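S.K.:
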Amino acid sequence: MGIIRNKILVKILLWLERLIYRNSCAIVALSPGMADGIRQITGQGKPITVIPNSCDRELFHPDIDGSIIRKKYGWDNKIVFLHAGAMG
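Each residue of the sequence shown is one higher than the last, beginning at 19 in the numbering used here.
#1: If you measure between the beta carbons of D81 and R88, is that distance less than 8 Å?
#2: List, from N- to C-terminal side, the alpha helix (DSSP H) runs of 4 residues or more that fit wholly inside the segment 19-58.
#3: Using a Cβ-Cβ cutoff of less than 8 Å, which residues in the same chain neighbour I49 once the five nearest sequence positions on both sides are dropped?
#4: Below 8 Å on the Cβ atoms is my contact criterion, and I expect I66 with A47 to pass it. Report the Cβ-Cβ distance as a whole number of Å.
#5: Answer with yes or no whether the minimum CB distance from G92 to chain D is below 8 Å.
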C-alpha cells in the first residue's frame, strides 16, 4: 500500500503479521480475496473462515431520493464519494 516508507519498519510489521497469523487459533476474512491474501502469508494449511460483509436489503434502498440528505448536509450540486471498507 505504500503508506509506511521505512523499509526496516515494513519488514518488522510483515514479520509480526506472519507471527500473529501462524499463532492464531482462528482466522476470519471478510472476502474470498482477503482469505487468499492471508493464505499467501500463512501457507495453505491454516483454515480460514470467510464471513462476507453484507447489508439488510430491507433497510437500505438504493432507489430512494437522496435530495433531502443532500440538502441537509449542503451537498446539493456537489459530487459525493463514499468509501465503506478496508483501506489496505
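Where is the CB? At the ideal position from N, CA and C, for every residue including glycine. For clarity, every value in this text was computed on a predicted model and none was experimentally measured.
M.R.: By the coordinates alone:
#1: In this structure, R88 does not lie closer than 8 Å to D81 by Cβ.
#2: 25-40
#3: Here the sequence assigns Ser to residue 49, which means Ile is not the residue at that position. Sequence-distant partners of S49 (beyond 5 residues in either direction) whose C-beta falls short of 8 Å from its own C-beta, in its chain, are V68, P70 and N71.
#4: 5 Å
#5: Looking for chain D here will not work: only one protein chain is present.
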